[in-house]
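In our numbering, the protein residues as written are 73 to 363. Note that CB positions come from ideal geometry on N, CA and C, so glycine has one too.
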């Protein structure tokens, strides 16, 4: 996926499981299947160029897109209906026409961009049917990379990612859960998209810098190219294995050090079941949902 200005462009492959869009899709599909919804009506807030809307429509869903920065989703016929404007204006102008109309409202990396997320979510909830749900992906500000950054006395905004320069709100798992509880919704599904802290804050591995720099000098000056290539390959494979193993420590849902994004589905019915508990065994999906 590529960010151009405030717009995101990309292609979604549902066979790639370890990403927020794939899991959001399966949370939507699971909701539709369990409620026997054949042609779901989806409201996608912040639909960007329509790359996710296109996938939903290919599965027979009706998609109403809302996007303030571009009309690409509408121009490229990736949505069925479209509103070009801010979500706050959409709620004010379209409520009477569209109240209680949608099975699912999708908020893919949107909430962190809202000045008043609680107010917006309350307004959007009126667009949902009685058994409708929100499906959202939200960055995790308690990621280990952010912790390391703060320990180093840093706060470095980036072009995209956890500290995207356009983010104005930041959420931990508990503050995200509490936000939806205030709106009247409990989390019934959660999946964690994980990323090692080196990808978030490369400078954060300060204690390893001496070893790393010494190794670079040794590898660079004294070893032939074929050996360097082999060492890089072995280190890359080892790092990947360590990362896969690290996901085991996230399985209880309460250790979120490696969690890059939370993908959640929330419903009104779940508010009375397990919304306030820290026992996440009923909602936490430790392995990606697959087709």
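task = With a threshold of 7 Å, establish whether the CB of residue 140 neighbours any heavy atom of the ligand SAH.
result = Among the components of this structure there are no ligands whatsoever, and the ligand SAH is therefore not found.
request  = Using three-state DSSP, classify residue 45 as helix, strand or coil.
outcome  = The shown model of the chain, from 73 to 363, leaves out residue 45, and the question about it has no answer.
Residue 224 to residue 216 span [Cα, whole Å] = The alpha-carbon atoms of residue 224 and residue 216 are separated by roughly 12 Å.
task = Would you mind sorting residue 168 into buried or exposed? The rule is 16 or more other CB atoms within 10 Å of its CB.
result = With fewer than 16 Cβ atoms within 10 Å of its Cβ, residue 168 is classed as exposed.
Counterpart residues of residue 174 in DSSP-defined beta bridges = Bridge partners of residue 174: 200.
Sheet register partners of residue 146 (DSSP bridge) = DSSP lists no partner for residue 146.
task = With residue 113 as the anchor, note down where its beta strand (DSSP E) starts and where it stops.
result = Per DSSP, residue 113 is one residue of the beta strand (DSSP E) stretching across 113–117.
task = Let me know if residue 122 comes out buried or exposed under the rule of 16 or more other beta-carbons within 10 Å of its beta-carbon.
result = Label assigned to residue 122: buried.
query = Taking the C-alpha atoms as reference points, what is the distance between residue 139 and residue 88?
reply = C-alpha separation (whole angstroms): 26 Å.
inquiry  = Please state the DSSP three-state secondary structure of residue 340.
reply    = Correct three-state label for residue 340: coil.
inquiry  = Quick check: what's the CA-CA separation for residue 199 versus residue 172?
reply    = Going by C-alpha positions, residue 199 is about 5 Å away from residue 172.
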